Amino acid sequence: MLAMAVAAKGALLLTDKDLESEESMWSLYERWRSVHTVSRDLREKQSRFEAFKANARHIGEFNKRKDVPYKLGLNKFADLTQEEFVSKYTGAKVVDSEAAARLASGVRVSSSDESPPHLAASVGDAPDAWDWRDHGAVTAVKDQGQCGSCWAFSAQMLDCSGAGDCTYGGYTYYAMLYAISNGLTLDQCGKTPYYQGYDAQQHLPCTFDAKKPPVVKIDSMYVMNNADEAALKRAVYKQPVSVLIDAGGIGYYSEGVFTGPCGTSLNHAVLLVGYGATADGTKYWIVKNSWGADWGEKGYFRLKRDVGIQGGLCGITMYPIYPIKNCPCSAAAAAVAAY
1 MLAMAVAAKG ALLLTDKDLE SEESMWSLYE RWRSVHTVSR DLREKQSRFE
51 AFKANARHIG EFNKRKDVPY KLGLNKFADL TQEEFVSKYT GAKVVDSEAA
101 ARLASGVRVS SSDESPPHLA ASVGDAPDAW DWRDHGAVTA VKDQGQCGSC
151 WAFSAQMLDC SGAGDCTYGG YTYYAMLYAI SNGLTLDQCG KTPYYQGYDA
201 QQHLPCTFDA KKPPVVKIDS MYVMNNADEA ALKRAVYKQP VSVLIDAGGI
251 GYYSEGVFTG PCGTSLNHAV LLVGYGATAD GTKYWIVKNS WGADWGEKGY
301 FRLKRDVGIQ GGLCGITMYP IYPIKNCPCS AAAAAVAAY
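For the sequence shown, the UniProt record's numbering puts the final residue at 339, and the numbers step up evenly by one.
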């Protein structure tokens, strides 16, 4: 058996032999660095190695467990402490309700204490499993890099919406308001629709051409404050839904159905694109992340569903939000065209 192999998803597979000594751990670290092309000075390299060792030992011990349905991996976050990971790779915020009401003046915003007629009129009983990827309604996985832009859909959002930035994160709610008022061109003077690996210190001027007709324009949005999982399932069957989660526990996720641990301190925006169940009956959500296709299950992860606790696992039902398009066209198209 080889002491190390590189998984297709970009994580290293490790054995007990890799963890036996300081020398074997250093060798493992150098192999990890070669996979992830990390370049650091000698002093920082030593401190990164200390974090890497702790994470490698944790991952090695965790993956021996038989009582959890998921695995961890030595992925690109393996030399970060937990605090560094959360600081660099999350960034979503929950909007204050009073501020939301002021900013939404003149814009149609429905919430979960109102009846959602757009769901009742067009969605029957949701099937046991659904995946929008099978229906051509999900774009390629993006990589936010060290920019706290999980809440943003495009370069136009980052530069022009005022909903947030790389350094301090931002608000899905405000980004959605911007899309309602302005639409999205998805083509900002030749720039790619989303800044791949957007520099965390970078802030570029808004180059949005107001004369250019938007490719995506939505009419309103629906905020499902503290929804139950059955209602969220019905919503996801109609179209992909943006949700906020506590992502502190998923950084080293590799595959399987994530069951925790995690809290409900919402800090990361992701996209629900479906749901299903494993052969043994474990129900899960299918979640599109923004950490690149080399993370998790080709950029996605599965999160346990119907856990019977308020807020759902990792707070997934606390703040779902999705756009509404009042036209006979595909509802899913309005939901995901800019993701």
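C-beta atoms are modelled at their ideal positions from N, C-alpha and C, and glycine is treated no differently. In this text, all values refer to a predicted model and were calculated from it rather than measured experimentally.
Across which residues does DSSP place G276 in a beta bridge pair?
Start at 1 with the first residue of the sequence shown, and residue 276 comes out as number 276. For G276, which the question treats as bridged, DSSP gives the partners Y284.
Give the straight-line distance between the Cα atoms of V35 and E20, rounded to the nearest whole angstrom.
In the sequence shown, residue 35 corresponds to position 35, counting from 1. In the sequence shown, residue 20 corresponds to position 20, counting from 1. C-alpha separation (whole angstroms): 21 Å.
Quick one: using the 10 Å Cβ neighbour count with 16 as the cut-off for buried, is R48 buried or exposed?
Translated into the one-based positions of the sequence shown, residue 48 becomes position 48. That one is buried.
How would you call P261, buried or exposed, if buried means at least 16 neighbouring beta carbons within 10 angstroms?
Here residue 261 corresponds to residue number 261 of the sequence shown, with the count starting at 1. P261 comes out exposed.
For Y222, is the beta carbon positioned less than 8 Å from some heavy atom of the ligand GDP?
Although the ligand GDP was asked about, the structure shown includes no ligands whatsoever.
Between Y29 and E255, how many whole angstroms is the CB-CB distance? I'm expecting something under 8 Å.
As a first step, residue 29 must be located in the sequence shown, where it is residue number 29. As a first step, residue 255 must be located in the sequence shown, where it is residue number 255. With a Cβ gap of about 23 Å, Y29 and E255 do not count as contacting.
Are the beta-carbon atoms belonging to V236 and V273 less than 9 Å from one another?
For this step, residue 236 is matched to residue 236 along the sequence shown. For this step, residue 273 is matched to residue 273 along the sequence shown. Cβ atoms of V236 and V273: closer than 9 Å.
For D143, which option in N55, I218, E23 and D294 has the closest C-alpha, if you only look at C-alpha atoms?
The residue labelled residue 143 in the question sits at position 143 within the sequence shown. The shortest Cα separation from D143 among N55, I218, E23 and D294 belongs to D294.
List the whole-angstrom C-beta distance separating I309 from Y222, where the pair is believed to meet the contact cut-off of C-beta under 8 Å.
By 1-based counting over the sequence shown, the position of residue 309 is 309. By 1-based counting over the sequence shown, the position of residue 222 is 222. Not quite, the Cβ-Cβ distance comes to about 23 Å (not below 8 Å), so this is no contact.
Could you round the C-beta distance between M318 and T264 to whole angstroms and report it? I think they count as a contact, below 8 Å.
Counting from one through the sequence shown, the residue named residue 318 turns up at place 318. Counting from one through the sequence shown, the residue named residue 264 turns up at place 264. That pair is a contact at about 6 Å.
Cα separation between A5 and R31?
By 1-based counting over the sequence shown, the position of residue 5 is 5. By 1-based counting over the sequence shown, the position of residue 31 is 31. At A5 the pLDDT is 44, less than 50, meaning the model places this residue with poor confidence; the figure from the coordinates comes in the next sentence. Each residue's alpha carbon lies about 10 Å from the other.
Does P127 pass the burial test, meaning 16 or more other C-beta atoms within 10 Å, or should it be called exposed?
Sequence index remark: in the sequence shown, residue 127 carries index 127 (1-based). The residue is exposed, with fewer than 16 neighbouring Cβ atoms inside 10 Å.
In angstroms, rounded to a whole number, what distance separates the CA positions of D18 and V287?
Position 18 of the sequence shown, counted from the first residue, corresponds to residue 18. Position 287 of the sequence shown, counted from the first residue, corresponds to residue 287. Their Cα atoms are separated by approximately 32 Å.
Simplified DSSP state of I59, which is helix, strand or coil:
Looking up residue 59 in the sequence shown gives position 59. I59: helix per DSSP, three-state reduction.
Report buried or exposed for D79, applying the criterion of at least 16 other Cβ atoms within 10 angstroms of its Cβ.
The residue you call residue 79 lines up with position 79 of the sequence shown. Per the 10 Å Cβ criterion, buried.
Quick check on the DSSP output: the beta strand (DSSP E) that includes K233 runs from which residue to which?
Taking the first residue of the sequence shown as position 1, residue 233 is located at position 233. Note, K233: premise wrong, no beta strand (DSSP E); alpha helix (DSSP H) at E229 to K238.
Looking at the structure shown, is Y253 part of a helix, part of a strand, or coil, going by DSSP?
Within the sequence shown, residue 253 is the residue found at index 253, counting from 1. Note: Y253 maps to strand in three-state DSSP.
Whole-angstrom C-beta distance between F77 and Y300, which should lie under 8 Å:
The sequence position of residue 300 within the sequence shown is 300, counting from 1. The sequence position of residue 77 within the sequence shown is 77, counting from 1. That belief does not hold up - the Cβ atoms of Y300 and F77 are roughly 16 Å apart, past 8 Å.
What are the boundary residues of the beta strand (DSSP E) that M221 is part of?
Here residue 221 is taken as the residue at index 221 of the sequence shown, counted from 1. M221 -> beta strand (DSSP E) spans S220 to V223.
Residues bridged to V270 (per DSSP):
Counting from one through the sequence shown, the residue named residue 270 turns up at place 270. Note: V270 sits in a beta bridge opposite V243.
Output yes or no for whether 9 Å exceeds the beta carbon distance between D131 and G292.
If you number the sequence shown from 1, residue 131 lands on position 131. If you number the sequence shown from 1, residue 292 lands on position 292. Contact: no.
Does R302 come out as helix, strand or coil in the three-state DSSP assignment?
The sequence position of residue 302 within the sequence shown is 302, counting from 1. DSSP places R302 in strand when its eight states are reduced to three.
Could you give the DSSP three-state label for L177: helix, strand or coil?
Against the sequence shown, residue 177 aligns to sequence position 177. Three-state DSSP puts L177 in a helix.
Simplified DSSP state of L72, which is helix, strand or coil
In the sequence shown, residue 72 corresponds to position 72, counting from 1. Residue state, collapsed to three classes: strand.
What does DSSP give as the partner residues of W291 in its beta bridges?
Residue mapping note: residue 291 aligns to position 291 of the sequence shown, counting from 1. DSSP, once it has assigned bridges, lists D143 as partnering W291.
So, at 8 Å on beta carbons, what are the nonlocal neighbours of L2 in its own chain, with the 5 sequence-adjacent residues on each side left out?
Residue numbering aside, residue 2 sits at position 2 when the sequence shown is read from its first letter. For L2, the predicted structure reports a pLDDT of 35, less than 50, and the residue's modelled location is therefore unreliable. The matter cannot be settled from this model.
Report back the beta-carbon spacing between H268 and L244 to the nearest angstrom; my notes put them in contact at under 8 Å.
As a working note, residue 268 is residue 268 in the sequence shown. As a working note, residue 244 is residue 244 in the sequence shown. Going by Cβ atoms, the distance from H268 to L244 rounds to 7 Å, so yes, they are a contact pair.
Would you tell me roughly how many angstroms separate the C-alpha atoms of G311 and V86, rounded to the nearest one?
In the sequence shown, counting from the first residue as 1, residue 311 sits at position 311. In the sequence shown, counting from the first residue as 1, residue 86 sits at position 86. The straight-line gap from Cα to Cα measures roughly 20 Å.
Candidates E44, L12 and V307, of which the one nearest I59 by Cα:
In the sequence shown, counting from the first residue as 1, residue 59 sits at position 59. Considering only alpha carbons, the answer is L12.
What are the start and end residues of the alpha helix (DSSP H) that includes Y322?
Counted from its first residue, the sequence shown places residue 322 at position 322. That residue, Y322, is in no alpha helix (DSSP H); its beta strand (DSSP E) goes I321 to I324.
In whole angstroms, what is the alpha-carbon distance linking S24 and G296?
Within the sequence shown, the letter at position 24 stands for residue 24. Within the sequence shown, the letter at position 296 stands for residue 296. Distance between the alpha carbons of S24 and G296: 25 Å.
Proximal residues to V141 (C-beta, below 6 Å), its chain only, five neighbours per side dropped
Taking the first residue of the sequence shown as 1, we reach residue 141 at position 141. So the list reads A293 and G299, once near-sequence residues are dropped.
Can you tell me whether F77 is helix, strand or coil according to DSSP?
Looking up residue 77 in the sequence shown gives position 77. Reduced to three states, the DSSP call for F77 is coil.
Taking M224 as the reference, which of I321, G248, V38 and R43 has the closest Cα?
If you number the sequence shown from 1, residue 224 lands on position 224. When only C-alpha atoms are compared, the closest one is I321.
Extent of the continuous alpha helix (DSSP H) to which L28 belongs
Position 28 of the sequence shown, counting from 1, holds the residue named residue 28. E22 to H36 is the span of the alpha helix (DSSP H), which, as asked, contains L28.
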